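Asks:
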DNA sequence: ACGCTCACTTAGTATTCCTTTG
DNA sequence: CAAAGGAATACTAAGTGAGCGT
């Protein structure tokens, strides 16, 4: 980017737009000027009154983007009417991973050790550590790795390392394994020392100042290089994710804040901009999905994220006032003779009833996953009289495999949409998320598809918590968890079964058998003493508790409760419930969630979602 | 109407931390 | 004290949707 930056076309779209619209309000982007010999590339100027910019006084005028030269702003259209997130913003930039340190352990090719350059050795190492994982067994992963490995090999190495099958990664793998063991074997003091060192190193990056307030930063570490691990059958798995250099990084910072010095000697930031219409502090282009960007954002516990989270839940809560009308609308339209209207209504019905995601079109070079609007005929089975079985891969290639009894009208419409279509064809071929969203906006301002997931998750929790029984804190907590579980199932939030699960269940079963045997033994006694009766009562109680926790554990083995807690359940429901039921908040929220939801802590106990 | 980019939220998994147990 | 086990956090991939240009 830097060397091309004289051409406006190389500035990201949003930046150009902002620069054009901008003028004084939106301190958008600018260009670099590589002729400058500064310690970063392209701290940009704009037409803001010069007295505001002391820094520029010491250097010759910087070349400006053509758009930025245009005369005074049209005040009506300042910053393109975009919302400004901050007035001042200062931070220390990003923390880069340490440079690669060669270990000298050889790749064995065709029985002979190969001398690799450090850069080659690094990439070989990426594969070597993974040699026994599922990934390394996948043809696509190996093929992509091999292509990129070949690409970075010097001619000399390429002349030797020609066939993947002749590579022996074992010595490298063993080296990494030993390193890991050594790390584990370190003494407590050594570990503590390393941790302290790490904290010192990251200290400048952990917080930023925004409008005079110190706030926590999220992912201030630049992602290290490695092999891309896509989820599911990702066509790009195994590709080399390249090392990000300062020139790849854009810093976004307040105009009057010092630009963080580039931490790598002799190198420069790709760009420095002052865009108040966004919340990110730094960003770089993803080297795998080249249309994507990675951003350094504030942490979830920051005010800026908290405010947006609160808005999200307020919007979902607002849907309560509109939901009846909306349901009436789609029920009436599901059987419309106009297929587009009927599809729109039926899709909305699914989004509401099953909390499906929108399902936007995806590029070919991504895993084949779907949401509501991209469901294909092969993903559903109609089971008379009006049950539909869904079997498809959703976000993160997580399988949605559920049967649902549906509205008979919806069932009939489904049949109509699928009629005469092959398995690979779209069920909802007349619509897309954008159209569904604009229809929703007509029914409620600001309403989009994803709001239904938040709404249904939160209102489900709220409804289930109303049935909380009297009892101990542990019992109430368990009731909360079951409600949480219902929501997780609704949203299809899953996790991989832990490796230890089966063994743990077996142990618990053994314990159960033992308790049952003990109980039988006690009950054999003829003249029941008061002491024995007590024992029996106690044992029975422990046994039933034990069995309950066993069945809960089994039911939850692949259900993830955390995702809905973090993203879907209005924290005010939980906080108010804790207050009403005298359950300490820490029983259901870990420390970071209490922090993240600090805006909800003062909610009144009677709060109803 | 459509495609595309950008910025943000949502997501599962890997790693680390902390507590319990042996 | 080490190992095990579970909880919490770190990491980064994968969605959604606004908004722009064509």
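Residue numbers (the working numbering): -18 to 590.
All C-beta atoms, glycine included, are put in the ideal place defined by N, C-alpha and C.
Remember, predicted model here, so these are calculated numbers, not experimental data.
The beta strand (DSSP E) that contains residue 374, what's its start and end?
Replies: 368 to 374
Asks: State whether the region 254 to 263 contacts the region 553 to 560, with contact taken as three or more CB pairs (one from each stretch) at a distance under 8 Å.
Replies: no
Asks: Examine the Cβ distances between the region 231 to 245 and the region 278 to 291 and report whether three or more of them are shorter than 8 Å.
Replies: A contact is defined here as three or more CB-CB pairs under 8 Å, and the region 231 to 245 fails this definition with respect to the region 278 to 291.
Asks: In or out: residue 407 buried (at least 16 other Cβ within 10 Å) or exposed?
Replies: buried
Asks: Which word fits residue 252, buried or exposed, when buried means at least 16 other C-beta atoms lie within 10 angstroms of its C-beta?
Replies: buried
Asks: For the alpha helix (DSSP H) containing residue 112, list its first residue and its last residue.
Replies: Looking at the DSSP string, residue 112 is not in any alpha helix (DSSP H), and its letter there is neither H nor E.
Asks: Using DSSP bridges, identify the partner residues of residue 475.
Replies: In the DSSP output, where bridge partners are listed per residue, residue 475 has 540.
Asks: Is the region 438 to 458 in contact with the region 486 to 500, if contact means three or more CB pairs nearer than 8 Å?
Replies: no
Asks: Hey, quick one: how far does the beta strand (DSSP E) through residue 225 stretch, first residue to last?
Replies: Unbroken run through residue 225: none, as it is neither H nor E.
Asks: So, helix, strand or coil for residue 133, using DSSP?
Replies: helix
Asks: Mapping DSSP to helix, strand and coil, what is residue 391?
Replies: helix
Asks: Please report the distance separating the alpha-carbon of residue 15 from that of residue 334.
Replies: Unreliable placement is indicated for residue 15, whose pLDDT of 34 sits below 50; the coordinate value is still reported in the next sentence. Cα-Cα distance, rounded: 56 Å.
Asks: Leaving aside the five residues before and after residue 170 along the sequence, list all residues of the same chain whose C-beta is less than 8 Å from its C-beta, in chain order.
Replies: none
Asks: Specify whether the region 347 to 355 and the region 205 to 221 touch according to this definition: at least 3 beta carbon pairs, one from each stretch, less than 8 Å apart.
Replies: yes
Asks: Please determine, among 107, 113, 114, 137, the residue with the shortest C-alpha to C-alpha distance to residue 127.
Replies: 107
Asks: The alpha helix (DSSP H) spanning residue 417 covers which residue range?
Replies: 414 to 424
Asks: So what does residue 263 bridge to, in DSSP terms?
Replies: 232, 277
Asks: Out of 381, 68, 553, point me to the one whose CA is closest to residue 336's CA.
Replies: Restricting attention to 381, 68, 553, the CA atom closest to the CA of residue 336 is found in 381.
Asks: What does the Cβ neighbour count give for residue 454, buried or exposed, with the cut at 16 atoms within 10 Å?
Replies: exposed
Asks: Would you list the residues sitting across from residue 595 in a DSSP beta bridge?
Replies: Since the first and last residues shown for the chain are -18 and 590, residue 595 lies out of range.
Asks: For residue 209, count neighbouring Cβ atoms within 10 angstroms of its own Cβ and tell me buried if that reaches 16, exposed if not.
Replies: buried
Asks: For residue 362, report the span of its beta strand (DSSP E) as first-last.
Replies: 361 to 364
Asks: If you drop the 5 nearest sequence neighbours on each side, which residues of the same chain put their C-beta closer than 7 Å to that of residue 109?
Replies: 150, 153, 154, 157
Asks: Which residues share a DSSP beta bridge with residue 566?
Replies: DSSP lists no bridge partner for residue 566.
Asks: State the DSSP-derived secondary structure class of residue 514, mapped to helix, strand or coil.
Replies: helix
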